[in-house]
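K.L.:
Below are the structure tokens for one structure; questions will follow.
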Amino acid sequence: MLKKITTVASVVLLSALTACGSGGGAETGSTGGTITMGFAQVGAESGWRTANTKSIQDEAKTAGIDLKFSDAQQKQENQIKAIRSYIQQKVSVIAFSPVVETGWDTVLLEAKRANIPVILTDRSIDSDDTSLYKTFLGSDFVEEGRKAGDWLVANASGPTNVVELQGTTGAAPAIDRKKGFEEKIASKPDIKVVASQTGDFTRSGGKQVMEAFLKSQPKIDVVYAHNDDMGLGAIEAIKAAGKVPGKDIKIITVDAVKDGMQALANGEINFIVECNPLLGKQLMELAKKVVAGEQVPERVVTEEGTFTQEQAKTVLPQRQY
Ligand code: GYE
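Throughout, my numbering is defined as the position within the sequence shown, counted from one, plus 480.
Structural data, given as structure tokens:
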């Protein structure tokens with residue numbers, strides 16, 4: 481209840497700020513002047529998200545783009561409200577990271593009718609109408625899942641029971657990371673996913689679900705967590721159950737944020753697939769082009785790698801996030 485009130489209040493506040501802001505002068509759009517970007521962020525659910533938000537805020541400043549930023553607390557209805565408020569404010573461009581894949585057509589059609597270009601960043605949407613957005617900048621999540629699966633296929637010996645900690649239900653990275661992983665382990669019938677549940681991409685969610693798995697599953701060999709934070713939560717649950725993470729139960733995660741890399745270097749995680757959150761610079765470049773009416777590629781894929789425990793030890797001191 482409290483959360484709800486805060487959210488509504490912040491949306492109202494957002495509109496109030498708008499009313500003052502629009503008197504301030506800077507005209508936007510392709511006619512020149514300052515570009516205003518409305519950014520509807522998913523939330524602050526993970527280390528990845530924190531780094532992503534910082535990158536967007538820093539790079540907007542560097543690019544001289546006036547950023548209006550909102551945090552939807554992982555709720556689609558909050559993101560829709562924020563997008564509507566950006567349309568009302570007549571921003572030059574709207575960018576957002578859709579919390580789930582479906583249910584965006586109505587609000588994006590409103591943006592299109594208002595002639596405000598939309599950029600998808602980090603996560604994509606599932607819609608037949610690709611005219612609703614100009615471009616999608618972000619990772620290939622299916623490929624990330626495949627990399628996790630490849631590592632397990634190469635490193636598993638004998639019957640291997642896997643428990644999966646899924647990301648937010650309906651979110652592109654949760655759907656795709658599951659898919660890519662399953663595709664790869666299908667080649668080894670010895671590897672079985674014995675339980676799979678969402679931990680909502682949070683540390684507390686990962687811990688809770690892992691506690692339940694440890695009680696209900698007689699034999700767990702591997703945890704596949706769709707992000708570092710859930711893997712870190714699982715580590716706590718494994719330790720509390722008197723087992724050794726990284727040894728008794730192997731852990732594979734996705735992201736490679738600092739806390740995850742630290743756990744990898746310490747031997748508590750076994751393998752991390754990288755997902756780069758530093759999308760701010762490319763996003764601002766795309767925004768400038770889109771507002772100027774220039775052509776942009778439909779899809780911009782982020783390049784990323786993977787890390788073993790040894791590699792984590794080497795790169796950890798230079799990690800930015
Ligand atoms: O992996 C996870 C975050 O959408 C790629 O969202 C992003 C994911 C990231 O909560 O940590």
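Just so it is clear, CB atoms sit at the ideal spot from N, CA and C, and this is done for glycine as well.
Count the C-beta pairs between the segment 518-534 and the segment 720-740 that are closer than 8 Å, then say yes if the count reaches three, no if not.
P.N.:
Yes, the segment 518-534 touches the segment 720-740.
K.L.:
Near LYS592, what residues of its chain come up, given a Cβ to Cβ distance below 8 Å and the 5 sequence neighbours on each side ignored?
P.N.:
Within the sequence shown, the letter at position 112 stands for residue 592. Taken in chain order, the residues that qualify are VAL598, SER611, LEU612.
K.L.:
Short of 6 Å in beta carbon distance, which residues of its chain neighbour GLY501, apart from the five on each side in sequence? Order them along the chain.
P.N.:
If you number the sequence shown from 1, residue 501 lands on position 21. At GLY501, the pLDDT of 34 sits below 50, so the modelled position is not reliable; the number obtained from the coordinates is stated separately. For GLY501, where only same-chain residues beyond five positions count, there are no Cβ hits under 6 Å.
K.L.:
Would you decide whether THR601 is buried or exposed? Buried here means 16 or more other CB atoms lie within 10 Å of its CB.
P.N.:
Along the sequence shown, read from residue 1 onward, the residue named residue 601 stands at position 121. Per the 10 Å Cβ criterion, buried.
K.L.:
Determine the DSSP secondary structure at TYR704, reduced to helix, strand or coil.
P.N.:
For the purposes of this step, residue 704 is identified with residue 224 of the sequence shown, where counting begins at 1. In this structure, TYR704 counts as strand in the three-state DSSP scheme.
K.L.:
Does the distance from the C-beta atom of ARG683 to that of GLY726 stay below 8 Å?
P.N.:
Locating residue 683 in the sequence shown gives position 203, where the first residue counts as 1. Locating residue 726 in the sequence shown gives position 246, where the first residue counts as 1. Cβ atoms of ARG683 and GLY726: not closer than 8 Å.
K.L.:
On a Cα-Cα basis, can you pick out the residue from ILE732, ASP670, LYS659, LYS614 that is closest to GLU778?
P.N.:
Start at 1 with the first residue of the sequence shown, and residue 778 comes out as number 298. Of ILE732, ASP670, LYS659, LYS614, the residue nearest in Cα terms is LYS614.
K.L.:
Does the beta-carbon distance from VAL587 to ALA552 come in below 8 Å?
P.N.:
For this step, residue 587 is matched to residue 107 along the sequence shown. For this step, residue 552 is matched to residue 72 along the sequence shown. Not in contact: VAL587 and ALA552 (Cβ atoms no closer than 8 Å).
K.L.:
Output yes or no for whether 8 Å exceeds the beta carbon distance between LEU744 and ALA792.
P.N.:
Residue 744 sits at position 264 when you count from the first residue of the sequence shown. Residue 792 sits at position 312 when you count from the first residue of the sequence shown. In this structure, ALA792 lies closer than 8 Å to LEU744 by Cβ.
K.L.:
Please state whether the Cβ-Cβ distance between GLN556 and GLU525 is less than 8 Å.
P.N.:
Position 76 of the sequence shown, counting from 1, holds the residue named residue 556. Position 45 of the sequence shown, counting from 1, holds the residue named residue 525. Result no, Cβ atoms of GLN556 and GLU525 do not sit closer than 8 Å.
K.L.:
Would you grab the beta carbon distance between GLY629 and GLY660 for me? Rounded to a whole angstrom, and I think it's under 8 Å.
P.N.:
Your numbering for residue 629 matches position 149 in the sequence shown. Your numbering for residue 660 matches position 180 in the sequence shown. About 6 Å; that satisfies the 8 Å criterion.
K.L.:
Going straight from the alpha carbon of GLN742 to that of ASP606, what length do you get?
P.N.:
As a position in the sequence shown, residue 742 is number 262, starting the count at 1. As a position in the sequence shown, residue 606 is number 126, starting the count at 1. Each residue's alpha carbon lies about 35 Å from the other.
K.L.:
I need the DSSP call for LEU632, collapsed to helix, strand or coil.
P.N.:
Numbered from 1 along the sequence shown, position 152 holds the residue referred to as residue 632. It is helical.
K.L.:
Given that a residue counts as buried once 16 or more other Cβ atoms are within 10 Å of its Cβ, and exposed if not, what is LYS699?
P.N.:
The sequence position of residue 699 within the sequence shown is 219, counting from 1. It is exposed - the Cβ of LYS699 has fewer than 16 other Cβ atoms within 10 Å.
K.L.:
Helix, strand or coil: how does DSSP classify LYS658 here?
P.N.:
Here residue 658 refers to the residue found at position 178 when the sequence shown is read from its first residue. DSSP places LYS658 in helix when its eight states are reduced to three.
K.L.:
Across the segment 745-762 and the segment 716-732, are there enough close Cβ pairs to call them in contact, namely three or more that are closer than 8 Å?
P.N.:
Counting Cβ pairs under 8 Å, three or more are found: they touch.
K.L.:
Would the C-beta of ASP709 count as close to the ligand GYE, meaning under 7 Å from any of its heavy atoms?
P.N.:
As a position in the sequence shown, residue 709 is number 229, starting the count at 1. At least one heavy atom of the ligand GYE is nearer than 7 Å to the Cβ of ASP709, so yes.
K.L.:
Going by DSSP, which residues form a beta bridge with VAL734?
P.N.:
As a working mapping, residue 734 is identified with position 254 in the sequence shown. Paired residues: VAL753.
K.L.:
If the criterion is Cβ atoms closer than 8 Å, does the pair GLN559 and ALA520 meet it?
P.N.:
One-based indexing of the sequence shown puts residue 559 at position 79. One-based indexing of the sequence shown puts residue 520 at position 40. Cβ atoms of GLN559 and ALA520: closer than 8 Å.
K.L.:
Can you determine whether any heavy atom of the ligand GYE sits closer than 7 Å to the C-beta of VAL734, and answer yes or no?
P.N.:
On the sequence shown, residue 734 is found 254 positions in, with the first residue counted as 1. Under cutoff, so the answer is yes.
K.L.:
On the DSSP bridge assignment, give the partners of GLN556 in chain order.
P.N.:
What you label residue 556 is simply residue 76 of the sequence shown in a count that begins at 1. According to DSSP, which records beta bridges pairwise, GLN556 is partnered with nothing at all.
K.L.:
My guess is that PHE681 and THR648 are in contact by the Cβ rule of under 8 Å, so how many angstroms apart are they, rounded?
P.N.:
Numbered from its first residue, the sequence shown carries residue 681 at position 201. Numbered from its first residue, the sequence shown carries residue 648 at position 168. Rounded, the Cβ-Cβ distance is 5 Å, consistent with contact.
K.L.:
Would the C-beta of PHE681 count as close to the ligand GYE, meaning under 7 Å from any of its heavy atoms?
P.N.:
Along the sequence shown, read from residue 1 onward, the residue named residue 681 stands at position 201. Correct: PHE681 has its Cβ closer than 7 Å to the ligand GYE.
K.L.:
Whole angstroms is fine: what's the gap from ASN635's alpha carbon to LYS668's?
P.N.:
Taking the first residue of the sequence shown as 1, we reach residue 635 at position 155. Taking the first residue of the sequence shown as 1, we reach residue 668 at position 188. Between ASN635 and LYS668, the C-alpha separation is close to 11 Å.
K.L.:
Pick helix, strand or coil for GLY527, following the three-state DSSP scheme.
P.N.:
Here the question's residue 527 lines up with position 47 in the sequence shown. Correct three-state label for GLY527: helix.
K.L.:
Starting from LEU766 and walking both ways along the alpha helix (DSSP H), at which residues does that stretch end?
P.N.:
Numbered from its first residue, the sequence shown carries residue 766 at position 286. Note, LEU766: alpha helix (DSSP H), 760-771.
K.L.:
Given a threshold of 16 other Cβ atoms within 10 Å of its Cβ, counted over all protein chains shown, does SER696 qualify as buried or as exposed?
P.N.:
For the purposes of this step, residue 696 is identified with residue 216 of the sequence shown, where counting begins at 1. Exposed is the call here.
K.L.:
Using the three-state DSSP reduction, which class does GLN800 fall into: helix, strand or coil?
P.N.:
By 1-based counting over the sequence shown, the position of residue 800 is 320. GLN800: coil per DSSP, three-state reduction.
K.L.:
How about SER676: is its Cβ closer than 7 Å to a heavy atom in the ligand GYE?
P.N.:
If you number the sequence shown from 1, residue 676 lands on position 196. The answer is no for SER676.
K.L.:
Is DSSP giving VAL689 helix, strand or coil here?
P.N.:
Within the sequence shown, numbered from 1, the residue matching residue 689 stands at position 209. It is helical.
K.L.:
Around the C-beta of ASP670, are 16 or more other C-beta atoms found within 10 angstroms, so that it is buried, or is it exposed?
P.N.:
In the sequence shown, counting from the first residue as 1, residue 670 sits at position 190. Exposed, because fewer than 16 other Cβ atoms sit within 10 Å of the Cβ of ASP670.
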